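First the structure, in the form of structure tokens, and then the observations on it.
Numbering (the working numbering), first residue to last: 11 to 145.
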């Protein structure tokens, strides 16, 4: 796959993707050992979140005024609302109760998790993400 097609599908350049997968593989965070539904230990999730957050500035940046205008136009065309420059969503990543300050990770549905939150532009590309404990 050429670099332009790769970027268009994954929104990161190939070298960034390779670096991120190498770091995550070194820590045992990606690969066949993690089947869907299997809980990943807290330490591994913590490393994954740290790696991801460290990598974010290499491929996520704040909008220029021109970008704000074009993104606002895209959202207006998509949903008819003026002045929108981003859409935000998040998810809980389940984990085992941490031994220290475990209550900080207990969510409203009574399981332990960290929150991963992201903001996308009018084309669905991430321009901000944040990982944190629940409270």
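Glycine included, each C-beta is placed from N, C-alpha and C at the ideal position. Since the structure is predicted, the reported quantities are computational estimates derived from the model, not experimental observations.
Helix or strand or just coil, what does DSSP make of residue i?
i	result
residue 114	helix
residue 129	strand
residue 64	helix
residue 47	Residue confidence for residue 47 is low, a pLDDT of 46 falling below 50, so the modelled location carries little weight; the figure read from the coordinates is stated next. Here residue 47 sits in coil by DSSP.
residue 33	helix
residue 26	helix
Do you know offhand how far residue i's Cα is from residue j's?
i	j	result
residue 111	residue 124	13 Å
residue 77	residue 88	16 Å
residue 99	residue 143	16 Å
residue 31	residue 86	36 Å
residue 57	residue 92	39 Å
residue 105	residue 35	19 Å
residue 135	residue 116	30 Å
Are residue i and residue j close, meaning C-beta to C-beta below 8 Å?
i	j	result
residue 33	residue 61	yes
residue 97	residue 64	no
residue 131	residue 81	yes
residue 73	residue 95	yes
So the alpha helix (DSSP H) residue i belongs to, where does it begin and stop?
i	result
residue 78	75–89
Per DSSP, what are the beta-bridge partners of residue i in this structure?
i	result
residue 143	124
residue 136	130
Along the chain, where does the beta strand (DSSP E) containing residue i start, and where does it finish?
i	result
residue 104	97–104
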